[in-house]
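Report on the following structure.
Residue numbers (this note's numbering): 1158 to 1253.
Encoded structure:
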């Protein structure tokens, strides 16, 4: 499934504004972390599977570099469980 450029931008902005990763007591929004576009592209690649699957696969696929690249973790390991549901809600309209 593909989105037109305005839909892609809309999705990226929604992810940037609503989805964050949590490190200790800090919430770092994906727009500030520079990961919103990467996550949006991964989600779009899997939209045909539905919002739930697209969100889960994308969060596992996006690797976050830590400590200057010494360690990489999937984004799925850095976001709180409620953020998965928020991402699914964001993706749901694009799956129809």
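Note that beta-carbon positions come from the ideal geometry of N, C-alpha and C, so glycine has one too.
Would you kindly work out how many angstroms separate the C-alpha atoms of residue 1189 and residue 1175, rounded to a whole number?
Looking at the two C-alpha atoms, the distance is approximately 11 Å.
Does DSSP put residue 1160 in a helix, in a strand, or in coil?
Residue 1160 carries a coil assignment under DSSP once its states are collapsed to helix, strand and coil.
If I'm right that residue 1233 touches residue 1245 with Cβ under 8 Å, what's the distance once you round it to whole angstroms?
With a beta-carbon spacing of about 13 Å, residue 1233 and residue 1245 fall beyond the 8 Å limit used to define contacts.
Can the beta-carbon of residue 1187 be found less than 8 Å from the beta-carbon of residue 1196?
Cβ atoms of residue 1187 and residue 1196: closer than 8 Å.
One or two residues paired with residue 1169 in a DSSP bridge:
Secondary-structure assignment with DSSP links residue 1169 through no beta bridge to anything.
Please report the straight-line C-alpha distance between residue 1208 and residue 1162, rounded to a whole angstrom.
Cα to Cα, the separation comes out at about 20 Å.
State the start and end residues of the unbroken beta strand (DSSP E) segment that holds residue 1187.
Not the beta strand (DSSP E): residue 1187 falls in the alpha helix (DSSP H), residues 1187 to 1190.
Cross-strand partners of residue 1231 (DSSP beta bridge)
DSSP, once it has assigned bridges, lists 1220 as partnering residue 1231.
Please state if the CB of residue 1185 and the CB of residue 1178 are separated by a distance shorter than 8 Å.
Cβ distance < 8 Å, so residue 1178 and residue 1185 count as in contact.
Since residue 1247 contacts residue 1172 with CB under 8 Å, what's their CB separation in whole angstroms?
About 6 Å separates the Cβ atoms of residue 1247 and residue 1172, confirming a contact at the 8 Å cut-off.
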